[in-house]
Structure formats: C-alpha cells, structure tokens
Amino acid sequence: MGTNGSTMLEPLRQGLPPLDPAAVSDAASCALPARYEAVRDARQFTRRTLDQWGDGDRFDDVCLVVSELVTNALRHALPASTPRTPEQNPPVRLHLMRWTERLVCAVRDPSKDSPIARDSDDFSAESGRGLFLVDSFSDSWGWHPLAGTLGGKVVWALFRLPQHLESAE
C-alpha cells in the first residue's frame, strides 16, 4: 500500500491498541458538554483519576494530550449550530483506561471525519497543531469510527506507565 503523501501524521484508522479489554485494571469516563469549559473539566477529571490510580508521574503528558483531544472534538466535531447548552446526552465523552503498564485516554465525538494533522507553514496556526502535540507526548495514537446508533468516532492515545517495582520477597 502506497501512501497518498497527504501528511506524515495521518492517524491509524484502527481500533484501540492490542490490549485485552478483560485485563483493564481501572476505567473511568466523564461526559463533556459542548462548551469550551469542558477542556478544564476534562483536565480536572484526569488529575483526580490519575491521582486515585497512583499514576501522577505522567500527569503532565496525559493532561496535555487530553486537552488537545477534547479541544479537537469540540472544535471540529461539533457544528457551529450545536446548542452550547447543557444537554441530556453530551456529545463528547472522555474515557481513561489503565492496564498494568499502559494508560489509554480516548475521546468520543459525533463527527465521522478523520482527525487530520494539517501540514502548515504558518506556525501560529492553531488548527492541526494539536495532533502534533498528541503525537509527540503520547507513545502511540489512532482513531476508529463507531458503528451502530452512537455514530461518530473515537480518537485515542496510549501512554506507557513506569513500572512500579514491588519489593521482591
């Protein structure tokens, strides 16, 4: 398969990374309203969750990536006509899942469009830069469309967690 040369950061269109869902040791999620304050809410939720799980050492990287994924979901996935009011079914949802040595953050949004990192000569351009940050600060990332009634897509990023060495008996 040749590449179409669009961008080096065309994300992998695939499911979550090859991690056994049954082996998830912790999972948490929160619904985010279609308002930009949701980015702050997502950061606070991430901090509380990582503190609870004892994974605060990767907080800065994870939080930066969560901020970018949520911002992208709000900016690109919600048409301008979407009412920015509290809804019964908030359109964006953040999921945090932890395995022994991996942490995945995934953001669901209602748009079926592929997240694309735009190559830009304008370094002050906001658009597209977030995905370069996601790529830089996470260990891998990708996205996949959702089937069924939910629709939309999930964009995920994976972080390797430092081994917490148990004292050998």
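Under my numbering, the residues of the sequence shown are numbered 13 to 181, in order. We treat Cβ as the ideally placed atom computed from N, Cα and C, and that holds for glycine. Quick caveat, the model's predicted, so the values are computed rather than measured.
Around the beta carbon of Lys-165, a 10 Å sphere encloses 16 or more other beta carbons of the protein chains shown; the residue is thus reported as buried. Arg-60 counts as exposed, since fewer than 16 other beta carbons sit within 10 angstroms of its beta carbon. Approximately 4 Å separates the beta-carbon atoms of Leu-44 and Val-104; this is inside 8 Å, confirming the contact. Burial check for Thr-112: the Cβ neighbour count within 10 Å stays below 16, so the residue is exposed. A check of alpha carbon separations from Ser-123 across Gln-64, Arg-172, Thr-161 identifies Thr-161 as the nearest. With a cutoff of 7 Å on beta-carbon distance, Val-82 and Val-119 are scored as near each other. With fewer than 16 other CB atoms across the displayed protein chains lying within 10 angstroms of its CB, Asp-63 is exposed.
Beta-bridge pairing by DSSP links Phe-171 to Leu-115.
Spanning the alpha carbons of Asp-125 and Val-51 requires a straight line of approximately 21 Å. The alpha-carbon of Leu-170 is positioned some 16 Å away from that of Gly-142.
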